[in-house]
Amino acid sequence: MKGVVSAPLNLPGTAYRKALQSRATILKFIERKMEERKSEIKEEDEAEDEAEINDDLLGWVLKHSNLSTEQILDLILSLLFAGHETSSVAIALAIYFLQACPKAVQELREEHLEIAMAKKELGESELNWDDYKKMDFTQCVINETLRLGNVVRFLHRKALKDVRYKGYDIPSGWKVLPVISAVHLDNSRYDEPNLFNPWRWQQQNNGACGSSSSGSGSFSTWGNNFMPFGGGPRLCAGSELAKLEMAVFIHHLVLNFNWELAEDDQPFTFPFVDFPNGLPIRVSRIL
């Protein structure tokens, strides 16, 4: 991640050089997996096997797209880069905010215990989509974590034509960086914006924390006041997956563990959100 915002100096010892070396290593691994998949697909076709052994993104792209090898490698790397770091940081932020808010943990625990008990009565164990749709307060916690944590603080855009906005001229072709955190932490848009308050989402949405069953929910309700995944045609393609991952993690966390900070640590925000000490926590299993 440090290489992303480093000076583009390809010299020994620089963050940029290390980033390029890491990129090359990852691409070699992806290419090796890609060649293995091609062999599997060929064998599958020859055997006329209907098994869905390649029923994932890489398998689909290899079977149905006309992308070159270089384009496929770039696509997979971009998805790994965009989804891994952001999702893990968002989950870490949820752990951090919740350890300081026992009332929210208790309400989460009650919500997920109810889901777990209902599944036990049905003789089921694994979560499904219907369970996810019942996680109303969990969506409040996720929204508030994304608002206050600001995993992505700004976006990269380019003006496609000359724009005049509030007395400022933005020429066509100029780069524009909308700062999302400036909106999320604006006290004219949020009461006590620096306070972790998942219940604010209930108040705004008349008791509902935002949709966990569609791609709208809090986005349509809050408009441009809440856009942790950007907006418009370039809205993050993984937004719903990221929220789903957070919800599943929270489900298992609150049902099985208590936790507290093992040492003082808090997130810093530039250039990316991170914890200086790695967010060490002390965990105890719920008996």
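Here the numbering used here is used: the first residue of the sequence shown is 69, the next is one more, and so on.
Note that the Cβ used here is the ideal one computed from N, Cα and C, for glycine as well.
All values derive from a computational prediction rather than experimental measurement.
Residue from the options with nearest C-alpha to residue i
i	options	result
His-319	Val-231, Asp-333, Asp-199 and Gly-346	Asp-199
Arg-353	Pro-339, Leu-323, Lys-201 and Pro-335	Leu-323
Asn-326	Gln-167, Tyr-233 and Ile-98	Gln-167
Phe-336	Arg-350, Ser-133 and Val-220	Val-220
Ala-83	Leu-253, Gly-298 and Ser-74	Ser-74
Glu-175	Pro-266, Pro-301 and Ala-227	Pro-266
Arg-91	Ser-249, Ser-307 and Leu-148	Leu-148
Ser-249	Asn-262, Asn-196, Thr-137 and Glu-308	Asn-262
Arg-302	Asp-124, Ile-144, Tyr-233 and Leu-223	Leu-223
Ile-159	Leu-312, Met-185, Asn-345 and Pro-339	Leu-312
First and last residue of the uninterrupted beta strand (DSSP E) at residue i
i	result
Leu-329	325-329
Asp-123	Neither: Asp-123 is in no beta strand (DSSP E) and is coded neither H nor E.
Asp-198	First-last for Asp-198: 197-201, but that is the alpha helix (DSSP H), not the beta strand (DSSP E).
Arg-350	349-353
Asp-237	236-238
Nearest-angstrom Cβ-Cβ length linking residue i and residue j, presumed shorter than 8 Å
i	j	result
Asp-333	Phe-343	5 Å
Ala-310	Ser-155	5 Å
Gly-235	Leu-161	Not quite, the Cβ-Cβ distance comes to about 36 Å (not below 8 Å), so this is no contact.
Val-341	Val-209	Not a contact, Cβ separation roughly 17 Å.
Asp-225	Val-244	Here the sequence assigns Arg to residue 225, which means Asp is not the residue at that position. Correct: roughly 4 Å between the Cβ atoms.
Ile-163	Leu-355	Not quite, the Cβ-Cβ distance comes to about 21 Å (not below 8 Å), so this is no contact.
Residue i versus residue j: straight-line alpha-carbon distance, rounded
i	j	result
Lys-171	Phe-205	12 Å
Glu-111	Pro-239	54 Å
Pro-80	Tyr-258	46 Å
Gln-89	Gly-71	10 Å
Asp-254	Glu-331	30 Å
Asn-78	Trp-242	26 Å
Ser-281	His-152	Confidence is the limiting factor: at Ser-281 the pLDDT is only 41, short of 50, which leaves the residue's position unreliable and the question unanswerable from this model.
Ile-183	Glu-192	11 Å
His-132	Arg-177	44 Å
Glu-194	Tyr-233	51 Å
Leu-190	Gln-271	33 Å
Asn-196	Phe-165	26 Å
Lys-187	Ile-144	36 Å
Ala-150	Ala-87	15 Å
Asn-345	Val-173	24 Å
Gly-300	Glu-260	28 Å
Ser-107	Thr-93	22 Å
Met-185	Ser-146	40 Å
Contact set for residue i: own chain, Cβ-Cβ below 8 Å, skip 5 residues either direction
i	result
Arg-105	Asn-122, Leu-126, Gly-127 and Leu-130
His-180	Met-203, Thr-206, Ile-318, His-319, Val-322 and Leu-323
Ala-137	First, the residue type needs correcting, since residue 137 is Thr and not Ala in the sequence shown. These residues qualify, in order along the chain: Glu-99 and Met-102.
Asp-237	Asp-230 and Val-231
Gly-283	At Gly-283, the pLDDT of 37 sits below 50, so the modelled position is not reliable and the matter cannot be decided from this model.
Ile-109	Asn-122, Gly-127, Leu-130 and Lys-131
Leu-135	Val-129 and Leu-143
Close-in-space but distant-in-sequence residues of the same chain around residue i (CB under 7 Å, 5 per side omitted)
i	result
Leu-141	Leu-95, Ile-98 and Glu-99
Cys-169	Phe-264
Cys-304	Phe-297 and Gly-298
Asn-293	Val-251 and Arg-257
Arg-85	Asn-78 and Leu-79
Pro-339	Val-73
Range covered by the alpha helix (DSSP H) that runs through residue i
i	result
Arg-232	First-last for Arg-232: 231-233, but that is the beta strand (DSSP E), not the alpha helix (DSSP H).
Tyr-258	Careful: Tyr-258 lies outside any alpha helix (DSSP H) and carries neither H nor E.
Val-209	204-217
Ser-155	137-167
Ile-183	170-189
Own chain residues within Cβ distance below 6 Å of residue i, not counting five before or after
i	result
Leu-214	Pro-296
Leu-228	none
Glu-328	Gln-167 and Arg-350
Gln-139	none
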